[in-house]
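Below: one structure, written as structure tokens.
In my numbering, the protein residues as written are 4 to 318.
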């Protein structure tokens, strides 16, 4: 019988990042140019993706064209920002589709939200600006019945004539932790901590110092170390948990999907989303789930909405 996914028992032990600190010398009288420069440093320190940094700086450069590069940031009001978004759509003379507008509003909210959080500004002028995100299609997830079929297949392979614990190890790891494919491939044996048999733990580590804020500690089911022991006896991995390529593991998942007669593929991303939705349904607090998935508050705005929609009743 497949182990039950006791999602309410899963835990993430990551602490929230410390409160942002105002850059030296930056205050409400500082110019928009100075604030943008400090914001760029902040984004780099926080490990924002390079494409995100470029996009945000491009959006803020457009803001300087409208408001003036030397304008004091404390003089910028909500009315000014609403005029800016209207100018983008109606007067700038450059097409601004809904997706571009939504991203630029997000940029305003992140930038001025940071200035307010660090108390450079007494309030966030971008908070009231209407934000209408353009949603991409919802990802596909496994139903509860499909999860049981998948686990039935992996358990069968685990206890078959030629026992193979790898499919069960991989699927249960992804279903319980919701980690990304790249994070899965970077796991090495010393990332596991089984010193407390009642709380086995996986550390998600990053070698890049700019990604250290994504490191987190995820609790595993109490029965999972036994599956790992079987896998190690069969495959004898050295340092990396998986010595094969990610493509090879994708073939493993594809084989499981075929054996389970899903009628569709099974992927790392699908299992990650399935984990998130099941955690949400089990009552995991939103910010705890965000930390478990290792995503920023910016990304969570869209991801959290999608998870809530996927977790809702079918129409």
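In this text, a Cβ means the ideal position worked out from N, Cα and C, and glycines have one as well.
Computed from a predicted structure; not experimentally measured.
In angstroms, rounded to a whole number, what distance separates the CA positions of residue 174 and residue 156?
-> 11 Å
When the distance is taken between beta carbons, is residue 278 closer than 9 Å to residue 177?
-> yes
Per DSSP, which one or two residues make a beta bridge with residue 303?
-> Answer is none; residue 303 lacks a bridge partner.
Drop a sphere of 10 angstroms on the beta-carbon of residue 282, count the other beta-carbons inside from all chains shown, and report buried for 16 or more, exposed for fewer.
-> buried
Quick one: what does DSSP say residue 319 is sitting in, helix, strand or coil?
-> No statement about residue 319 is possible, as the shown extent of the chain runs from 4 to 318 and does not include it.
Near residue 368, which residues of its chain fall below 6 Å by C-beta distance, leaving aside the five closest residues on each side in sequence?
-> Nothing can be reported for residue 368, as the shown portion of the chain is limited to 4 through 318.
Does the Cβ-Cβ distance between residue 123 and residue 26 come in under 9 Å?
-> yes
Hey, could you find the ends of the beta strand (DSSP E) residue 295 is sitting in?
-> Here residue 295 belongs to no beta strand (DSSP E); instead the alpha helix (DSSP H) covers 289-296.
Contact belief for residue 65 with residue 83 at Cβ below 8 Å, rounded distance in angstroms | The pair is not a contact, with the Cβ atoms about 14 Å apart (cut-off 8 Å).
Relative to the alpha-carbon of residue 149, which residue among 73, 290, 297 and 262 has its alpha-carbon at the smallest distance?
-> Nearest to residue 149 by C-alpha distance, out of 73, 290, 297 and 262, is 262.
Exposed or buried, which one is residue 232 when buried takes at least 16 other CB atoms within 10 Å?
-> Using a 10 angstroms sphere on the CB of residue 232, the tally of other CB atoms stays under 16, which defines it as exposed.
Own chain, CB closer than 6 Å to residue 107, minus 5 neighbours either side, in chain order | 62
Determine, using beta carbons only, whether residue 312 and residue 141 come nearer to each other than 9 Å.
-> yes
Residues that residue 204 bridges to, as DSSP identifies them | 196 and 222
In terms of residues, what are the limits of the alpha helix (DSSP H) holding residue 123?
-> Neither: residue 123 is in no alpha helix (DSSP H) and is coded neither H nor E.
Would DSSP call residue 61 helix, strand or coil?
-> helix
Reduced DSSP secondary structure (H/G/I, E/B, other) of residue 318 | Note that residue 318 scores a pLDDT of 48, beneath 50, so its modelled location is shaky; the value from the coordinates is reported in the next line. Reduced to three states, the DSSP call for residue 318 is coil.
So, residue 204 versus residue 220, is the Cβ gap smaller than 9 Å?
-> yes
Cβ pair residue 75, residue 105 closer than 9 Å | no
Indicate whether residue 110 and residue 59 have their beta-carbon atoms separated by less than 9 Å.
-> yes
First and last residue of the uninterrupted alpha helix (DSSP H) at residue 278 = 271-284
May I ask you to list the residues that DSSP assigns as paired with residue 191?
-> 243
Residue 250 lies in the alpha helix (DSSP H); which residues open and close that run?
-> 249-262 is the span of the alpha helix (DSSP H), which, as asked, contains residue 250.
Find the nearest neighbour of residue 143 within the set 290, 301, 288 and 266, judged by alpha-carbon distance.
-> 266
How long is the line joining the alpha carbons of residue 188 and residue 271, rounded to whole angstroms?
-> About 11 Å.
Coarse secondary structure for residue 75, derived from DSSP in three states | In the three-state scheme derived from DSSP, where H, G and I count as helix and E and B as strand, residue 75 is classed as strand.
Buried or exposed by the 16-neighbour rule on C-beta atoms within 10 Å, applied to residue 41 | buried
Rounded Cβ spacing between residue 132 and residue 112 (contact assumed at less than 8 Å) | Their Cβ separation, rounded to whole angstroms, is 7 Å, which keeps residue 132 and residue 112 in contact under 8 Å.
Leaving aside the five residues before and after residue 39 along the sequence, list all residues of the same chain whose C-beta is less than 6 Å from its C-beta, in chain order.
-> 63
Burial state of residue 165, where buried means 16 or more other Cβ atoms lie within 10 Å | Residue burial is scored here from C-beta neighbours: residue 165 has fewer than 16 other C-beta atoms within 10 angstroms and is therefore classed as exposed.
Where DSSP assigns a beta bridge to residue 34, which residues make up the other side?
-> 75
State yes or no: is the C-beta of residue 230 within less than 9 Å of the C-beta of residue 171?
-> yes
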